[in-house]
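> One structure coming up, written as structure tokens, with questions to follow.
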Amino acid sequence: MDRARVSKHVIGALLVSLFAGGCASEFDRRFDEAERLRQDVAARGYEWINTADILEQAQASEASGDLAAALVLVEQARFQATAALLQADREAEAWKRRVVR
Amino acid sequence: MALTLLLGSLPLPSQAGPEEDRLAFVGHYQSLFPEVPIAEYANGIYALDEDARAQWLAIEDFPPYEFSIERGSELWDTSLPDGSQLTDCLGTEINKIRPQYPRYVPNQGVVTLELAINACRSAAGAKRWDYSSGDMIDLTAYLAFEARGQELNVRVPADQPGALAAYEAGKRFYYSKRGQLNFACADCHVTSVGQYVRADRLGPSLGHPTHFPVYRSKLGGMISLHQRFFGCVRDVRAKPFELQSEEFRNVEFFLSYMSNGLEINGPGARK
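Right, dumping it as structure tokens:
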């Protein structure tokens, strides 16, 4: 087992313990937030290649009872969508500096 | 007038007109590769890379796209459900068809050759072709072949503000970084042109649209220009746009304008 997978599970376990109590709804809340960010960035034409796939995997993990993995995946997707939104914001002006003159 | 002066004094490089853009674009490659004649850019990376060029010329002795041209010519002669033929809709001077595209049409946006073909099919009661279908690619291969030697001549008419907007959108797309790898088309095909990305040498965007569709030996088949765009967007790990999406049509419009004056030499053969 590689380190990435170990730390994934550690983070997952932490997230689960943080939100123990209202787990299922916590997943839904975080999932919806990530999905909303993904849609925002898609509307701006800046979606990254696998954000939607990661969210799908998150749903599958949650459905199979692996809440730890599901929360890690949602967090990954949220991170991607947030970074892509920043990219879209920056590029609103930054592209002009690259135009060949 | 006052507004022009004001804008002129502000750093708004995106406001340069298409013709100014084109001259600067051509000038960029010219200053990097002063020994390469402009007309050579119609050959893509083979304008810059002698070894690859020798291999390519050997391939061109038995063009792998010949079969596609033949199929396209059969499709051209096939009658549509209402008894008409594509020539009735697209034009009778076959060598003049491909050079009319891409063009801006008010209320429709950028109309590419593929879009025009499907509009004609649809009007004649035929099914629209999928943009990645062999039929569509073969027909465009045939029309490109017939148009060999004609020059790209994309216009952004001053009396059509939508045309300039589409051009600007394509330009913006081309220069914007996107995807997880945070790359703009220009980062590879302008700034790093001639350099290697693994085994591939980055080709110039000047001339990109002249030689499509192309046969790719790596894939063992023909691909359209938009399929190539799709691949490059995917490679920077951005979610690609659909073939013939507004985004890709606008980039085609922009890049074709940049290549105005170069000869159409499609279909082509590539690695």
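For the protein sequence lines, the chains are Z and Y, in the order given.
Counted the way my numbering counts, the first sequence spans residues 1091 to 1191.
Counted the way my numbering counts, the second sequence spans residues 12 to 282.
Yeah, the Cβ is synthetic: ideal placement off N, Cα and C, and Gly gets one too.
Keep in mind it's a predicted model, so treat the numbers as computed, not measured.
Listed from N- to C-terminal order along the chain, which residues in the stretch 1156-1172 of chain Z have their beta-carbon within a distance smaller than 7 Å of any beta-carbon of chain B?
Checking the listed chains, one finds no chain B in this structure; the protein chains it contains are Z and Y.
> Using 8 Å as the threshold, is the stretch 101-113 of chain Y in touch with the stretch 41-50 of chain Y, meaning 3 or more CB pairs across them?
No, they do not touch.
> DSSP on Y:L21, reduced to helix/strand/coil?
Against the second sequence, residue 21 of chain Y aligns to sequence position 10. Since pLDDT at Y:L21 reaches only 45, below the 50 mark, its modelled position is unreliable, and the value read off the structure follows with that caveat. If DSSP states are grouped into helix, strand and coil, Y:L21 belongs with coil.
> Return the first residue and the last residue of the beta strand (DSSP E) that Y:S280 is part of.
Counted from its first residue, the second sequence places residue 280 of chain Y at position 269. The sequence given here places Ala at residue 280 of chain Y; Ser does not occur at that position. Note, Y:A280: beta strand (DSSP E), 279-281.
> By Cβ distance, which residues of its chain are closer than 8 Å to Y:A63, with the 5 residues on each side in sequence left out?
Taking the first residue of the second sequence as position 1, residue 63 of chain Y is located at position 52. Once the five neighbours on either side are set aside, the close Cβ partners of Y:A63 are I56, Y57, R212, K282.
> Label Z:R1180 either buried or exposed according to how many other C-beta atoms from any shown protein chain fall within 10 Å of its C-beta, with 16 as the threshold for buried.
By one-based count along the first sequence, residue 1180 of chain Z stands at place 90. So Z:R1180 counts as exposed.
> Determine, for Z:E1116, whether the minimum Cβ-Cβ distance to residues of chain Y falls below 7 Å.
Here residue 1116 of chain Z refers to the residue found at position 26 when the first sequence is read from its first residue. No, Z:E1116 does not count as interfacial toward chain Y.
> Quick check: what's the CA-CA separation for Y:L14 versus Y:D32?
To locate residue 14 of chain Y, count along the second sequence from 1; it is residue 3. To locate residue 32 of chain Y, count along the second sequence from 1; it is residue 21. For Y:L14, the pLDDT reaches just 44, beneath the cut-off of 50, and the residue's location in the model is therefore unreliable, although a value from the coordinates is still provided. Near 21 Å, if we compare the C-alpha coordinates of Y:D32 and Y:L14.
> Please list, in chain order, the chain Y residues whose beta carbon lies closer than 8 Å to that of Z:Q1177.
Position 87 of the first sequence holds residue 1177 of chain Z. Residues of chain Y passing the Cβ test: K188, R189, N193.
> Under 6 Å Cβ to Cβ from Z:V1131, same chain only, skipping five residues before and after it: list those, please.
Here residue 1131 of chain Z corresponds to residue number 41 of the first sequence, with the count starting at 1. Excluding residues within five positions, the ones whose Cβ falls inside 6 Å are E1137, A1171, A1174, L1175.
> Check the Cβ-Cβ distances between Z:R1191 and every residue of chain Y, and say whether any is below 7 Å.
As a first step, residue 1191 of chain Z must be located in the first sequence, where it is residue number 101. With 7 Å as the cut-off, Z:R1191 counts as an interface residue toward chain Y.
> Kindly say whether Z:E1146, judged by its beta-carbon, lies nearer than 7 Å to any beta-carbon of chain Y.
Counting from one through the first sequence, the residue named residue 1146 of chain Z turns up at place 56. Chain Y contact via Cβ: absent.
> Report the three-state DSSP secondary structure of Y:F44 (helix, strand or coil).
The residue you call residue 44 of chain Y lines up with position 33 of the second sequence. It is coil, neither helix nor strand.
> Going by DSSP in three states, Y:E274 sits in which element: helix, strand or coil?
Reading the second sequence from its first residue, position 263 is the one you call residue 274 of chain Y. Strand.
> Where does Y:G120 sit, in a helix, a strand or coil, going by DSSP?
Here the question's residue 120 of chain Y lines up with position 109 in the second sequence. Three-state DSSP puts Y:G120 in a strand.
> Less than 6 Å between C-beta atoms, sequence neighbours within five positions excluded: which residues of the same chain meet that for Y:G181?
Counted from its first residue, the second sequence places residue 181 of chain Y at position 170. Closer than 6 Å at Cβ, skipping near neighbours: N261, V262, F264, F265.
> Return the residues of the stretch 1121-1155 of chain Z that lie within a Cβ-Cβ distance of less than 8 Å from chain Y, sorted by chain order.
Residues A1132, G1135, Y1136, E1137, W1138, I1139, N1140, T1141, A1142.
> With a threshold of 8 Å on Cβ separation, who are the neighbours of Y:A195 within its own chain once the five nearest residues in sequence on each side are excluded?
Your numbering for residue 195 of chain Y matches position 184 in the second sequence. Cβ neighbours of Y:A195 beyond the five flanking positions: Y185, Y186, S187, K188, R189.
> For the candidate residues Y:R159, Y:P45, Y:A210, Y:H222, whose alpha-carbon lies nearest to that of Y:I105?
As a working note, residue 105 of chain Y is residue 94 in the second sequence. That would be Y:R159, whose Cα lies nearest to the Cα of Y:I105.
> Sort Y:A35, Y:I234, Y:L43 by Cα distance to Y:P220 and report the nearest one.
For the purposes of this step, residue 220 of chain Y is taken as residue 209 along the second sequence, with counting starting at 1. Closest option to Y:P220, Cα to Cα, is Y:I234.
> Suppose the cutoff is 8 Å on Cβ atoms and the five residues either side in sequence are ignored; what does the same chain contact list for Y:I128 look like?
Taking the second sequence and counting its residues from 1, the one referred to as residue 128 of chain Y is at position 117. Excluding sequence neighbours, Y:I128 sits near L97, L101, W140, M147, L150, T151.
> If I measure Cβ to Cβ from Y:D60 and keep anything under 7 Å in the same chain, skipping five residues before and after, which residues do I get?
One-based indexing of the second sequence puts residue 60 of chain Y at position 49. Excluding sequence neighbours, Y:D60 sits near R212.
> What does Z:R1188 touch in chain Y if you count any residue whose Cβ is under 7 Å from its own?
Working through the first sequence from its first residue, we reach residue 1188 of chain Z at position 98. The answer, in chain order, is Y186, A195, A197.
> Beta-carbon of Z:E1181 versus every beta-carbon of chain Y: anything under 7 Å?
Counting from one through the first sequence, the residue named residue 1181 of chain Z turns up at place 91. By this cut-off, Z:E1181 is an interface position.
> Taking the C-alpha atoms as reference points, what is the distance between Y:V201 and Y:G218?
Counted from its first residue, the second sequence places residue 201 of chain Y at position 190. Counted from its first residue, the second sequence places residue 218 of chain Y at position 207. So the two alpha carbons sit approximately 12 Å from each other.
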